[in-house]
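Numbering (my numbering), first residue to last: 11 to 150.
Comments concern the structure below.
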Amino acid sequence: MIDLGWGRIVNVSSAASLHPPGPLNSAYATSKVALNQFTRHLAAEISGAGVTANVIHPGEVKTEMWQYIRDTVEPMGPEADDYREWVASVEQTGGDDPEKAADLILRLMDDHAPAINGQFLWIADGIQTPIESWQNPTHD
């Protein structure tokens, strides 16, 4: 990509990387924090090369992971209350449409998106209110 002077890297993360620590989530949330930081550092490294790197939260989508949590969380103790609430919220609202994540990714892939680099981005009109991520994103 750098040799061509153009490229777009879009990583898919999770809002779990921005939430306060909680029980049952250390490995997942930490992996997403690492992905966020990797993307942020990569964006700084490639800044000015015509290549961008961003990370998105795809929304509260009814994925296989959501289904697994829904199917296994009930017999767990009080440490799983946050998961129960999340499952119920997604169930009640129907979840976010995966097309919103696809639309955001397509916008980031556009030739006219070179100024968006090193940012954590949220889908439009998602169920969850965006959480502040990091300051001072890298712009070309």
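Ideal Cβ placement from N, Cα and C applies to all residues, glycine included.
Member of 118, 93, 12 and 51 whose CA lies at the smallest distance from the CA of residue 58:
Taking the sequence shown and counting its residues from 1, one reaches residue 58 at position 48. The candidate whose alpha carbon is nearest that of residue 58 is 12.
Between which two residues does the beta strand (DSSP E) containing residue 131 stretch?
If you number the sequence shown from 1, residue 131 lands on position 121. Run containing residue 131: 130-132, per the beta strand (DSSP E) assignment.
Residue from 107, 126 and 85 with nearest C-alpha to residue 54
Along the sequence shown, read from residue 1 onward, the residue named residue 54 stands at position 44. Cα-wise, what sits closest to residue 54 is 126.
Own chain partners of residue 146 with C-beta closer than 7 Å, once the 5 adjacent residues on each side are dropped:
Residue 146 sits at position 136 when you count from the first residue of the sequence shown. Residue placement at residue 146 is flagged as unreliable, the pLDDT there being 49, under the threshold of 50; a coordinate-derived value is accordingly withheld.
Does residue 106 have its Cβ less than 9 Å from a Cβ in chain D?
The chain labelled as chain D is not found in the depicted structure, where only one protein chain is given.
To which residues does DSSP link residue 21 through a beta bridge?
In the sequence shown, counting from the first residue as 1, residue 21 sits at position 11. Residue 21 is bridged to 65.
Would you kindly check if the distance between the Cβ of residue 63 and the Cβ of residue 52 is under 9 Å?
Along the sequence shown, one-based indexing puts residue 52 at 42. Along the sequence shown, one-based indexing puts residue 63 at 53. It is a contact, given that the beta carbons lie within the stated cut-off.
Hey, is the region 64-76 in contact with the region 123-143, meaning 3+ C-beta pairs nearer than 8 Å?
yes
Assigned secondary structure, residue 11 (DSSP; H/G/I helix, E/B strand, else coil):
Position 1 of the sequence shown, counted from the first residue, corresponds to residue 11. Coil at residue 11, not helix or strand.
Among the residues of its own chain, which have a CB less than 7 Å from the CB of residue 27, if the five just before and after it don't count?
Residue numbering aside, residue 27 sits at position 17 when the sequence shown is read from its first letter. Same-chain partners within the cutoff: 39, 42, 43 and 46.
Separation of residue 74 from residue 35, as counted between CA atoms
Stepping through the sequence shown from its first residue, residue 35 is reached at position 25. Stepping through the sequence shown from its first residue, residue 74 is reached at position 64. Each residue's alpha carbon lies about 17 Å from the other.
Confirm, please, whether the CB-CB distance from residue 105 to residue 76 is below 9 Å.
Within the sequence shown, numbered from 1, the residue matching residue 76 stands at position 66. Within the sequence shown, numbered from 1, the residue matching residue 105 stands at position 95. Yes; because the gap between Cβ atoms is below 9 Å, this pair is in contact.
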